[in-house]
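Asks: In this text, residue positions in the sequence shown follow the numbering used here: the first is 88, and each later residue adds one.
All residues carry an ideal CB built from backbone N, CA and C; glycine is no exception.
Just so it is clear, the structure is predicted and the values come from calculations on it, not from any experiment.
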Amino acid sequence: MVDSDKILNGSRVGGEIQTEVADQVEQLAQKGVSPRLDVILVGEDPASKVYVGSKARTSEKLGMRSQTHVLPASISQDELEARVDGLNDDPDVDGILVQLPLPAGLDPQPVLGRLDPAKDVDGFHPENVGLLQKGFPRLVPCTPAGVMELLQRESIELQGRRAVVVGRSDIVGKPMAMLLLHAHATVTLCHSRTRDLAAVTREADILIAAVGVQGLIGAEHVSEGTVVVDVGMHRITDQELVDRYFPGNEKKAAVFEKRGAVLAGDVDFTQVAPIASRITPVPGGVGPLTIAMLMANTVRAARLRRSI
Ligand code: GUN
88 MVDSDKILNG
98 SRVGGEIQTE
108 VADQVEQLAQ
118 KGVSPRLDVI
128 LVGEDPASKV
138 YVGSKARTSE
148 KLGMRSQTHV
158 LPASISQDEL
168 EARVDGLNDD
178 PDVDGILVQL
188 PLPAGLDPQP
198 VLGRLDPAKD
208 VDGFHPENVG
218 LLQKGFPRLV
228 PCTPAGVMEL
238 LQRESIELQG
248 RRAVVVGRSD
258 IVGKPMAMLL
268 LHAHATVTLC
278 HSRTRDLAAV
288 TREADILIAA
298 VGVQGLIGAE
308 HVSEGTVVVD
318 VGMHRITDQE
328 LVDRYFPGNE
338 KKAAVFEKRG
348 AVLAGDVDFT
358 QVAPIASRIT
368 PVPGGVGPLT
378 IAMLMANTVR
388 AARLRRSI
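1) Examine the ligand GUN and report whether any of its heavy atoms sits within less than 7 angstroms of the Cβ of THR377.
2) Taking the beta strand (DSSP E) that LEU328 falls in, what are its first and last residues?
3) Among all the DSSP beta bridges, which residues are the ones paired with ALA296?
4) If you follow the beta strand (DSSP E) that GLY182 is part of, which residue opens it and which one closes it?
5) Which whole-angstrom value describes the C-beta separation of VAL342 and VAL287, a residue pair presumed to lie in contact below a C-beta threshold of 8 angstroms?
6) If you check the beta carbons only, do ARG365 and ILE243 fall under 8 angstroms apart?
7) To which residues of the same chain is MET380 closer than 6 angstroms at the C-beta, ignoring the five residues directly before and after it?
8) Looking only at DSSP bridge pairs, what is ILE304 linked to?
9) Could you tell me which of ALA388, MET263, ALA296 and ASP194 sits nearest to GLY222, measuring between CA atoms?
10) In this structure, does DSSP put VAL208 in helix, strand or coil?
11) What residues match up with GLN154 in a beta bridge as DSSP calls it?
12) Going by DSSP in three states, ILE162 sits in which element: helix, strand or coil?
13) State buried or exposed for ARG123, treating a residue as buried only when at least 16 other CB atoms are found within 10 Å of its CB.
14) If you run the structure through DSSP and keep just helix, strand and coil, what is ARG170?
15) Kindly indicate which residue of GLN164, MET235 and LYS148 has the alpha-carbon position closest to the one of ASP194.
16) Look at the alpha carbon of ALA285 and the alpha carbon of VAL373, and state the distance between them as a whole number of angstroms.
17) Hey, could you find the ends of the alpha helix (DSSP H) THR275 is sitting in?
18) Just curious, the alpha helix (DSSP H) that ILE378 is in, first and last residue?
19) Would LEU184 and VAL208 qualify as a contact pair, given that the criterion is a beta-carbon distance under 8 angstroms?
20) Does any CB atom of chain B fall closer than 8 angstroms to the CB of GLY352?
21) Can you give the Cα-Cα distance for ALA109 and THR385, rounded to whole angstroms?
22) For SER161, is the classification buried or exposed, using 16 other Cβ atoms within 10 angstroms of its Cβ as the cut-off for buried?
23) DSSP three-state label for ARG248, please.
24) Does any heavy atom of the ligand GUN sit closer than 7 angstroms to the C-beta of LEU184?
25) Mapping DSSP to helix, strand and coil, what is ILE410?
26) I need the straight-line Cα distance from ARG240 to PHE356, nearest angstrom please.
27) From GLY299 to LYS142, what distance separates their C-alpha atoms?
28) Mind checking whether GLY102 and THR367 have CB atoms under 8 angstroms apart?
In structure tokens form, the structure reads like this:
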């Protein structure tokens, strides 16, 4: 068993953020403002459907309004962009999120570039990306923003320390590196072509795994005392993999028995947790922070648009 003091509990911190957001929603209600988040889901990707459902439910739980627009995978690029235009022009909409990935044949970049940057609660529009890069963050991508909240609220020192980010996506890796840099960490951004990845990650004081490969980060990647944040989220449906990654873990075995699947991250938790000083679990780590920050961004967008 891993000492519970070691666990960076994203569920708890995400819950704190949600409570703060609900308070802000109440304050806005007194001014006659009720933030509204609109989510566009294109196609039938099962994981995306789960994420979108959870975004809508959480918005409503916190007292916000939410609309989900489910569009067929057969929609054309022009039609999709026209739907974005419609939400941009609707003064009742505060936040717009286009769930990614889009089905094959649709190019996400023109869609994200079409969003009204003031409603871009994902922080993916080039204007928001540029503002973050320049050090004037406005709407910041939810997952890296959530990781920063976790590190700050758990008093993890960043200034002058070595942070290594594995994964260079627009959604997590790049904005994560930028946020850590602005917090005065010394940042290394690794990716699939990094030579001797383990030698680089072993230098980390803070290691962020956002690479999208289950179990990639093992004992050989981590030095004693490293803070490890696991952004990965994978469903394991194979008994052999459950036994390999979670040997003797009765809790995971019970979940697998009940649901036929368990969740795991980019980090091999069983190997890495004894070496790390702090570590996020999967589930219950970064996931709840992402959704909490989406809610925070929606309130922020509602405020910014009205200058209140
Ligand atoms: N797909 C996976 N993560 C995200 C995210 O943060 N935002 C959107 N829009 N799609 C995603």
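Replies: Inspection of the coordinates gives the following:
1) yes
2) Unbroken run through LEU328 is the alpha helix (DSSP H), 326–332; no beta strand (DSSP E).
3) VAL253 and ASP317
4) 182–185
5) That belief does not hold up - the Cβ atoms of VAL342 and VAL287 are roughly 33 angstroms apart, past 8 angstroms.
6) yes
7) CYS229, ALA232 and GLY233
8) VAL354
9) MET263
10) coil
11) ASP125
12) coil
13) buried
14) helix
15) GLN164
16) 23 angstroms
17) Run containing THR275: none in the alpha helix (DSSP H); it sits in the beta strand (DSSP E), 273–277.
18) 373–393
19) yes
20) Absent from the structure is chain B; it holds one protein chain and no more.
21) 12 angstroms
22) exposed
23) coil
24) yes
25) The requested residue 410 does not occur in the structure, where the chain is confined to residues 88 to 395.
26) 22 angstroms
27) 21 angstroms
28) no
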